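J.: Numbering (the numbering used here), first residue to last: 710 to 947.
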């Protein structure tokens, strides 16, 4: 991660994600140069969707398993295929193992047997799938409580802080409240999501992955915006 966000020539080669009192979370190298090269496709898929490594140990936060458990079987398989296609690239620095000084649950839920591909279209329902399991926007844009993102009570209300070489970013309120997106047009939202530019032309900060979101199809982007418009209004929590 650099001052402007992800260093794409080192895509998925790993980094220290968070080093705070409860834990030090380290994202491992996901290219074929990393340890997943020895995992089967089924083992890798289970690690992504359920947070369980081949040896049975649990992957800790902030990996958004609340969202990833909803990935469809087809999309999960596509992600595995994509990771297998990456060039084997060494990490820029030696990465220590993650360390958790808080108890982790025995699992993030029961085994996920199968998840169907949702119907694609310019609908709030499909937008919820894209903003949830696929892009996990709602994980980052929901306030954190003692047990993690307060999905059930404050979905999309923002306030979570991200620290990096650029300074500190605070996730915005994405609900339909005036503190959120109520005063933005659909076109303004589309530009903010895909280009990281506010209506006044100023640049938004990382770590929101604008470079990835610009690959949304026009229909997918409209579906996401429809979904965000459907979120119940919740004021800023700060």
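Yeah, the Cβ is synthetic: ideal placement off N, Cα and C, and Gly gets one too.
Computed from a prediction, not measured in an experiment: that's the story for all the values here.
Using 9 Å as the threshold, is the C-beta distance between residue 937 and residue 898 below it?
T.: yes
J.: Does DSSP put residue 845 in a helix, a strand or coil?
T.: coil
J.: Leaving out five residues on either side along the sequence, give the residues of the same chain with a beta carbon under 7 Å from the beta carbon of residue 929.
T.: 839
J.: I need the straight-line Cα distance from residue 942 to residue 885, nearest angstrom please.
T.: So the two alpha carbons sit approximately 5 Å from each other.
J.: What's the call for residue 757, buried or exposed, on a 16-neighbour Cβ count within 10 Å?
T.: buried
J.: What do you get for residue 931, buried or exposed, if any count of 16 or more other CB atoms within 10 angstroms of its CB means buried?
T.: Buried is the call here.
J.: In the DSSP assignment, find the unbroken alpha helix (DSSP H) run with residue 783 in it and report its ends.
T.: 782–794
J.: Under 8 Å from any heavy atom of the ligand NAD, does the C-beta of residue 753 make it?
T.: For the structure depicted, the ligand NAD is absent and the ligand set is empty, with no information on it obtainable.
J.: Just the C-alpha distance for residue 775 and residue 817, rounded to the nearest angstrom, thanks.
T.: 8 Å
J.: How many whole angstroms separate the CB atoms of residue 807 and residue 734, which I take to be in contact at a CB cut-off of 8 Å?
T.: About 5 Å separates the CB atoms of residue 807 and residue 734; that is less than 8 Å, so the two are in contact.
J.: Are residue 946 and residue 866 close, meaning C-beta to C-beta below 9 Å?
T.: In contact: residue 946 and residue 866 (Cβ atoms closer than 9 Å).
J.: Between residue 845 and residue 852, is the Cβ-Cβ spacing less than 9 Å?
T.: no
J.: By Cβ distance, which residues of its chain are closer than 6 Å to residue 738, with the 5 residues on each side in sequence left out?
T.: Cβ within range, chain order: 722, 723 and 800.
J.: Under the three-state reduction of DSSP, which class applies to residue 732: helix, strand or coil?
T.: strand
J.: If you scan the segment 812–879 from start to end, which runs of the beta strand (DSSP E) of 3 or more residues do you find wholly inside it?
T.: 870–873 and 876–879
J.: Exposed or buried, which one is residue 797 when buried takes at least 16 other CB atoms within 10 Å?
T.: exposed
J.: If you reduce the DSSP assignment to three classes, tell me which class residue 720 lands in.
T.: Looking at residue 720 - three-state DSSP - the assignment turns out to be coil, as it is neither helix nor strand.
J.: For a quick check, are the C-beta atoms of residue 915 and residue 878 less than 9 Å apart?
T.: yes
J.: For residue 750, collect the residues of the same chain with a Cβ closer than 7 Å to its Cβ; drop the 5 residues on either side in sequence, then sort them by chain order.
T.: Contacts found: 789.
J.: Can you tell me whether residue 893 is helix, strand or coil according to DSSP?
T.: coil
J.: Closer than 6 Å by C-beta to residue 780: which residues in its own chain qualify, once you throw out the five before and the five after it? Chain order, please.
T.: 758 and 842
J.: Hey, quick one: how far does the alpha helix (DSSP H) through residue 935 stretch, first residue to last?
T.: 927–939
J.: Give the secondary structure of residue 898 by DSSP, where H, G and I count as helix, E and B as strand, and everything else as coil.
T.: It is helical.
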